[in-house]
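Asks: One structure, as structure tokens, below. Some questions next.
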């Protein structure tokens, strides 16, 4: 008998079924992946298992856990099951942990509630659990508040809370989506190592995560279960059209076409740029330090790195949105100086920016026509209304939206459509350089592919140069000609895409590649590609900033800062890059 | 934390100065003076009195004189309560006002928070609607209407509570003034609590606590109460100010010899020093209590704490 048997489960709000007649099961100790795009009903299904949906949700069907019916039971009936028999890990640990309570107290409360331990015994068990999930100095972190921990550490606490009562089933809902890729690998390894006999239902939009880790897969689309089966067979021979579409859109870091390098003419040069802030205690922090980079004509240069690497700060300083502390950027022979307001109109026109979250970047009170036409009002005030409209229609057509979208508001657009509008708005002035800051990070696979195709098309038609900031190496591989890798504000490697992905020179680049999940069940994930976490900018490591996490580090790495040097066609900031093979 | 408190207190000095200047100008701008009466004094007597209290001097000189007195901790003599200094008058009115104000505040918190929490937990139920319509009524009706109506109902018609202050012994005389003063605050705090409790109960960390099987009671006590109380805590500053303002009316209506009554009499009599003294006292009180609220806020929300 399976541990969890769900049959004909539906979740409705009014007449809308967000989960529609779904049946599946999870066996004891089994690891099952539940995948689907946003809005597929994954989370709704997961929350319904433990009765965590809002009161207005109408649940039908059966949820049988170890012989006990869980559907439509009261909190009182479910409480003994929760945490004790079924643990749950949520997506964003910053929101899912109580910011007003010390983490130790939050964990302790679970033990007290389920009468697992009392008094000092409970404290001791909490500290023990925190140690097991890899919290350094667990005795002290017991007294920490969630905001005092890093994202990875918070998610470890979340896992500790889900496993502290040793449940039979663990439900993890997008447990690593809010985390950096190297931390994601650590958390997934931790889940695998700790769960032991516990069955795992792993919910994610990322096929790469489930491929190497889950025995079986459930594929959701629009509230329905469209495919289920052993992971290897689903990947090898998908039956449903939707699964095929998902697999086709899944990019991988280890194969796929790579754009060929184009010209060698530089359009934008960043020379020894630094960006610094002052924190609360007036201490100077360098978000970007001494970075030199060049962007060539009609090329896409990707800047990759984990959060805190300084990639966004660098482009913002180039655009003049934040002050550049030292160094300069040169565009078309002229330095880009001062804040964006003080720059020449031509410089402002030629550099345009597309943000990550189109819903936040578009004014919700403006219609598409106004949003897209606004830059023309500023830069071409003499243009007649008809001419302006013509250009708006033309640029919308270029990004794949017809005239029917002109009068829509942003909330009437899907995520992909909104990002097209944001791109149209950036392109209407015919810029020379487009900067995309995580522009596809919020999009589902198939939509992401469309937007990437749009960017490629625009580039081949108009010779646009693009800076493409991303944390996702698989996306970077498919769109960029060259890649710059940043870590803790420093540039550590720049190389042509092909050579960077085939022969990474810097140990950090290698770790990023290893940590990127590959949507292929035949390739086992690399365990522990990188230990530890990104150090604080307040006290950056001496010498090479990467040395505390580098397995090749020697004395010289601790004392001397490596300057970027040429190795083949690549520039690498590593003392020992030519001494080892990665 | 101590350093922060000291800095905040220093920062309050300009505010206080501004309050003093404005109050000084306003009492002097009001027509008439402290020694005007129906029986007109002989002009030489009036001149003597005015010279004795320095109100024949220019406004600027009077202000300087008043400020130099203040700097020495002297708020001057009352112009109308002969033989009393302002400090003595404040000292005599304060205990009673303080008692009534504190009781009203405590009542407002107790009833407001409980009613708001219950309404939030039973959102959109009949109980919720009843509590919220009472709250709306409480906010809409001003103290000077509530007070006489309560007196009319409970004291004059039903004889269950005394209508006035003097001549009645025991705690019963506190009931009507305290309730009158607390009512609008109860209403506002109940609404605040309800809204913030609903907000907190919808947050992700409450869902986490539910998933941990904590049970509604523990969930509220351990996880929800603290964050839900933050908006109420921020409201404490304005609430204290509102209670002070309310006390002026309430003490007048129930003839309570407290600070509020001195304030009203002082203003009517153009008792410059008394009015100024009470204004300064109120301002200091409100500023310091706001500081206390901010410090409490920081102890509840770890994220606003500073080194």
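Residue numbers (our numbering), protein chains in the order written: chain C, 1 to 582; chain P, 583 to 889. Even for Gly, the Cβ is constructed at its ideal location relative to N, Cα and C.
Using a threshold of 7 Å, state whether the C-beta atoms of residue 638(C) and residue 368(C) are closer than that.
Replies: Lying before the first or after the last residue shown, residue 638(C) is absent from chain C, which here runs from 1 to 582.
Asks: Check whether the Cβ atoms of residue 679(P) and residue 840(P) lie closer than 7 Å to each other.
Replies: Taking 7 Å as the Cβ cut-off, residue 679(P) and residue 840(P) qualify as a contacting pair.
Asks: Measuring only between beta-carbons, confirm whether residue 82(C) sits less than 7 Å from chain P.
Replies: Output row for residue 82(C): interface = yes.
Asks: So if I threshold CB-CB distances at 8 Å, which residues from the segment 875-886 of chain P count as touching chain C?
Replies: Hits within the stretch, in order: 882, 883, 884, 885.
Asks: Given a cut-off of 7 Å on the beta-carbon distance, is the pair residue 795(P) and residue 875(P) in contact?
Replies: Their beta carbons are not under 7 Å apart, which means residue 795(P) does not touch residue 875(P) by this criterion.
Asks: Kindly indicate the opening and closing residues of the alpha helix (DSSP H) around residue 755(P).
Replies: Unbroken alpha helix (DSSP H) run through residue 755(P): 754-783.
Asks: Would you say residue 584(P) lies against chain C (beta-carbon separation less than 7 Å)?
Replies: Output row for residue 584(P): interface = no.
Asks: For residue 580(C), count neighbouring C-beta atoms within 10 Å of its own C-beta (all shown protein chains included) and say buried if the count is 16 or more, exposed if not.
Replies: By the neighbour-count rule (16 or more Cβ atoms within 10 Å), residue 580(C) is not buried but exposed.
Asks: Which chain C residues are close to residue 671(P), counting only those with a beta carbon under 7 Å from its beta carbon?
Replies: Here the premise fails: no neighbours, minimum Cβ distance about 45 Å.
Asks: Where are the beta strand (DSSP E) runs, 3 residues long or more, that stay fully inside the segment 68-151 of chain C, in chain order?
Replies: Segments of the beta strand (DSSP E) lying fully in the segment 68-151 of chain C: 86-89.
Asks: Using CA atoms only, rank isn't needed, just tell me which of 356(C), 372(C), 474(C), 471(C) is closest to residue 416(C).
Replies: Among 356(C), 372(C), 474(C), 471(C), the Cα nearest to that of residue 416(C) belongs to 356(C).
Asks: Residues of chain P with CB under 7 Å from residue 88(C), in chain order?
Replies: Correct list: 793.
Asks: Could you tell me which chain P residues have their CB closer than 9 Å to the CB of residue 99(C), listed as they occur along the chain?
Replies: Near residue 99(C) (Cβ distances below 9 Å), the residues of chain P are 787, 809, 883, 884, 885.
Asks: Measuring straight from C-alpha to C-alpha, what distance separates residue 331(C) and residue 320(C)?
Replies: One C-alpha to the other measures close to 13 Å.
Asks: If you check the beta carbons only, do residue 126(C) and residue 108(C) fall under 7 Å apart?
Replies: Cβ atoms of residue 126(C) and residue 108(C): closer than 7 Å.
Asks: Taking 8 Å as the threshold, find out whether the segment 765-781 of chain P comes into contact with the segment 683-700 of chain P through three or more Cβ pairs.
Replies: At 8 Å Cβ cutoff, the stretches touch.
Asks: Per DSSP, which one or two residues make a beta bridge with residue 186(C)?
Replies: For residue 186(C), which the question treats as bridged, DSSP gives no partner whatsoever.
Asks: State yes or no: is the beta carbon of residue 141(C) nearer than 7 Å to at least one beta carbon in chain P?
Replies: With 7 Å as the cut-off, residue 141(C) does not count as an interface residue toward chain P.
Asks: Listing by chain order, which chain C residues have their CB less than 8 Å from the CB of residue 570(P)?
Replies: Residue 570(P) lies beyond the range of chain P shown here (583 to 889); nothing can be said about it.
Asks: Determine the closest residue to residue 280(C) out of 426(C), 452(C), 251(C), 538(C), with distance taken between C-alpha atoms.
Replies: It is 538(C) whose Cα lies nearest to the Cα of residue 280(C).
Asks: With a threshold of 16 other CB atoms inside 10 Å of the CB of residue 411(C), please say whether the residue is buried or exposed.
Replies: Exposed, since its Cβ has fewer than 16 Cβ neighbours within 10 Å.
Asks: Please confirm whether residue 7(C) and residue 23(C) have their CB atoms less than 7 Å apart.
Replies: Cβ atoms of residue 7(C) and residue 23(C): closer than 7 Å.
Asks: Under DSSP, the beta strand (DSSP E) around residue 34(C) begins and ends at which residues?
Replies: Looking at the DSSP string, the run of the beta strand (DSSP E) that includes residue 34(C) is 31-35.
Asks: In chain P, which residues lie less than 7 Å from residue 110(C) when you measure between Cβ atoms?
Replies: Those are 794, listed as they occur along chain P.
Asks: Pull up the CB-CB distance for residue 488(C) and residue 422(C), whole angstroms please, since I reckon it's below 8 Å.
Replies: With a Cβ gap of about 30 Å, residue 488(C) and residue 422(C) do not count as contacting.
Asks: Measuring only between beta-carbons, confirm whether residue 762(P) sits less than 7 Å from chain C.
Replies: Chain C, which has no Cβ nearer than 7 Å to the Cβ of residue 762(P), makes this no.
Asks: Within 10 angstroms of the Cβ of residue 439(C), are there 16 or more other Cβ atoms? Answer buried if so, exposed if not.
Replies: Burial call: buried.
Asks: Taking just the CA atoms, how far does residue 689(P) sit from residue 889(P)?
Replies: Unreliable positioning characterises residue 889(P) in this predicted model, as indicated by a pLDDT of 42, which lies under 50. A coordinate reading is not provided.
Asks: Three Cβ pairs or more, each shorter than 8 Å: is that satisfied between the segment 729-739 of chain P and the segment 780-793 of chain P?
Replies: Cβ pair count under 8 Å is below three, so no.
Asks: Should residue 774(P) be labelled buried (16 or more other beta-carbon atoms within 10 Å of its own) or exposed?
Replies: Buried, since its Cβ has 16 or more Cβ neighbours within 10 Å.
Asks: Which residue's Cα is closest to the Cα of residue 85(C): 199(C), 308(C), 152(C)?
Replies: For the residues 199(C), 308(C), 152(C), the minimum Cα distance to residue 85(C) belongs to 199(C).
Asks: Between the Cα of residue 181(C) and those of 518(C), 427(C), 365(C), 571(C), spot the shortest distance and give me the residue it belongs to.
Replies: For residue 181(C), the nearest C-alpha among the options comes from 518(C).
Asks: Please confirm whether residue 252(C) and residue 474(C) have their CB atoms less than 7 Å apart.
Replies: Yes, the pair counts as a contact, with Cβ atoms nearer than the cut-off.
Asks: Could you pull the DSSP bridge partners for residue 224(C) from this structure?
Replies: According to DSSP, residue 224(C) bridges with 221(C).
Asks: To the nearest angstrom, how far is it from the Cα of residue 96(C) to the Cα of residue 83(C)?
Replies: One C-alpha to the other measures close to 15 Å.
Asks: Anything in chain P within Cβ reach of residue 506(C), meaning under 9 Å, just list it in chain order.
Replies: The contacting residues do not exist; residue 506(C) stays about 36 Å from chain P at best.
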